[in-house]
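Novice:
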Amino acid sequence: MHAAYPAVVAALLFSVGVYGVLARRNAILVLMSVELMLNAVNLNLVAFDMWWRDRLHGGQVLTLFTIVIAAAEVGLGLAIVLLVYRNRRTIDVDRLRTLAEDGASRTRPPDGDDAAAAVRGGEGSAT
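Numbered by our numbering, the letters in the sequence shown go through residues 24 to 150 in order.
1. Output yes or no for whether 7 Å exceeds the beta carbon distance between glycine 81 and phenylalanine 71.
2. Please determine if the segment 112 to 125 and the segment 47 to 60 are in contact, where contact requires at least 3 C-beta pairs separated by less than 8 Å.
3. Tell me whether the beta-carbon of valine 44 lies closer than 7 Å to the beta-carbon of valine 32.
4. Suppose contacts are defined by Cβ-Cβ distances below 7 Å. Is valine 69 in contact with threonine 86 by that definition?
5. Considering Cα atoms alone, identify which of Glu58, Val39 and Leu119 is closest to alanine 93.
6. Nearest-angstrom Cα distance between asparagine 62 and asparagine 110?
7. Measuring from the CB of phenylalanine 37, is there a heavy atom of the ligand GDP at a distance below 6 Å?
8. From glycine 40 to alanine 95, what distance separates their C-alpha atoms?
9. May I have the straight-line CA-CA distance separating methionine 55 from valine 104, to the nearest angstrom?
10. Do phenylalanine 88 and methionine 60 count as a contact pair if the criterion is CB distance below 7 Å?
11. Going by DSSP, name the residue or residues bridged to aspartate 115.
12. Would tryptophan 74 and alanine 26 qualify as a contact pair, given that the criterion is a beta-carbon distance under 7 Å?
13. Figure out for me which residue from Val91, Asp77 and Leu119 has the closest Cα to the Cα of asparagine 65.
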């Protein structure tokens with residue numbers, strides 16, 4: 024088997040994963056897309072290990088290491104998604120991003136002209 028075949032399949036899997044990360048709004052689907060990207064990397068590692076016929080099987084060892092890291096990432100990611108769902112009642116990434124931006128703007132202290140306008144009661148503030 025030529026090394027290009029698994030590389031093309033891995034590139035397609037990685038592309039689907041990138042599309043899933045960029046296009047999906049559900050946090051669980053984003054995590055699944057990241058896992059798909061990691062599996063594409065694992066496929067490349069194993070394919071090139073078999074193609075180069077390494078005696079130490081470095082590609083397979085790195086693949087096992089990547090699987091362990093991916094399992095930890097899934098556990099931590101799902102725990103975070105569960106806690107966010109308990110607090111916000113949504114796992115929509117876009118909605119959570121806007122909630123975070125709204126919260127940051129409300130907690131930021133006024134500065135410059137905004138501080139003077141806040142002291143005057145909002146009169147003459149620049150809009």
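We put the CB at the ideal spot given by N, CA and C, even for glycine.
Specialist: Taking the definition as stated:
1. no
2. The segment 112 to 125 vs the segment 47 to 60: in contact.
3. no
4. yes
5. For the residues Glu58, Val39 and Leu119, the minimum Cα distance to alanine 93 belongs to Glu58.
6. Inter-residue distance for asparagine 62 and asparagine 110 is about 31 Å (C-alpha atoms, whole angstroms).
7. Ligands in the displayed structure: none, and consequently the ligand GDP is not present.
8. 19 Å
9. 13 Å
10. no
11. Beta-bridge pairing by DSSP links aspartate 115 to Asn49.
12. It is a contact, given that the beta carbons lie within the stated cut-off.
13. It is Val91.
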